[in-house]
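J.:
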Amino acid sequence: MNKKNIIIIIALAAFFVLVGAGIAAVLNVSDERLQQQSLETLQTSEGRDNHHAVGRNILDGEFTGVINDSGSFRETIASNDVTVVNFFASWCDPCRRETPELIEYQDSRGGESLDVVGISIDDSDSSRDKFLEEFGVTYPVYEFADEPAAIESYKIHLMPTTFFVDSEGTIVRAYIGEVGTDLIDSYVNYVKEES
3 MNKKNIIIII ALAAFFVLVG AGIAAVLNVS DERLQQQSLE TLQTSEGRDN
53 HHAVGRNILD GEFTGVINDS GSFRETIASN DVTVVNFFAS WCDPCRRETP
103 ELIEYQDSRG GESLDVVGIS IDDSDSSRDK FLEEFGVTYP VYEFADEPAA
153 IESYKIHLMP TTFFVDSEGT IVRAYIGEVG TDLIDSYVNY VKEES
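Here it is as structure tokens:
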């Protein structure tokens with residue numbers, strides 16, 4: 003190989019490294035902007051939820067028994083002004099990142115007519131159980147009796163997805179993506195104001 007070919011190969015490699023770094027930076031900034039835009043537009047007509055599940059009743063779905071608690075899903079919904087219903091899977095990285103926030107939210111605000119509930123989706127029992135143990139999940143976790151039908155019915159195609167549900171079971175708000183305590187507070191306050 004002559005010097006000219008080596009120089010061309012090095013130049014191309016440098017070019018691809020720069021392009022890759024640029025794409026990664028754009029994707030990171032885009033994700034941060036999307037989350038910030040979500041918070042900023044929450045109370046505007048532009049920010050109203052378009053998710054297909056909004057307005058539907060989550061109690062129309064059938065759930066198997068609770069995995070790590072003794073209460074029924076229906077009782078949990080009925081006993082709260084707002085229930086934060088988070089759909090997750092153990093293999094989902096954003097789900098893993100948000101779980102400590104959900105635990106913190108439940109531990110600090112749960113029980114005051116508000117609770118966090120998890121719905122395990124697209125996971126094996128052993129992976130789900132390891133996930134719950136690893137994070138020390140303190141809120142109740144359920145499963146759909148007919149998961150494929152429920153996923154299609156509620157249009158849960160991306161995870162995590164979080165529904166904000168009133169005491170009647172109506173899905174008032176929905177958020178697709180990783181949540182944090184500030185975002186949860188904003189959505190919970192919105193549901194309380196609407197109820």
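Numbering (our numbering), first residue to last: 3 to 197. Even glycine gets a Cβ: it sits at the ideal position worked out from N, Cα and C.
Between the alpha carbons of C97 and F17, how many angstroms are there, rounded?
T.: 34 Å
J.: Once the 5 residues before and after G182 are set aside, which same chain residues still bring their CB inside 6 Å of it?
T.: E103
J.: Using the rule of at least 16 other Cβ atoms within 10 Å of the residue's Cβ for burial, across every protein chain shown, is S47 buried or exposed?
T.: Confidence at S47 is low in this model, with a pLDDT of 37, below 50, so the placement of that residue is unreliable and no value is reported for it.
J.: Tell me the rounded alpha-carbon separation between L20 and D95.
T.: 26 Å
J.: Can you pull the DSSP bridge partners for F75?
T.: In DSSP, F75 forms no bridge with anything.
J.: Helix, strand or coil for G182, going by three-state DSSP, please let me know.
T.: coil
J.: Leaving out five residues before and five after I8 in sequence, what residues of the same chain have Cβ atoms less than 8 Å from its Cβ?
T.: none
J.: Compute the distance between the beta-carbons of I173 and V56, then report whether it is under 7 Å.
T.: yes
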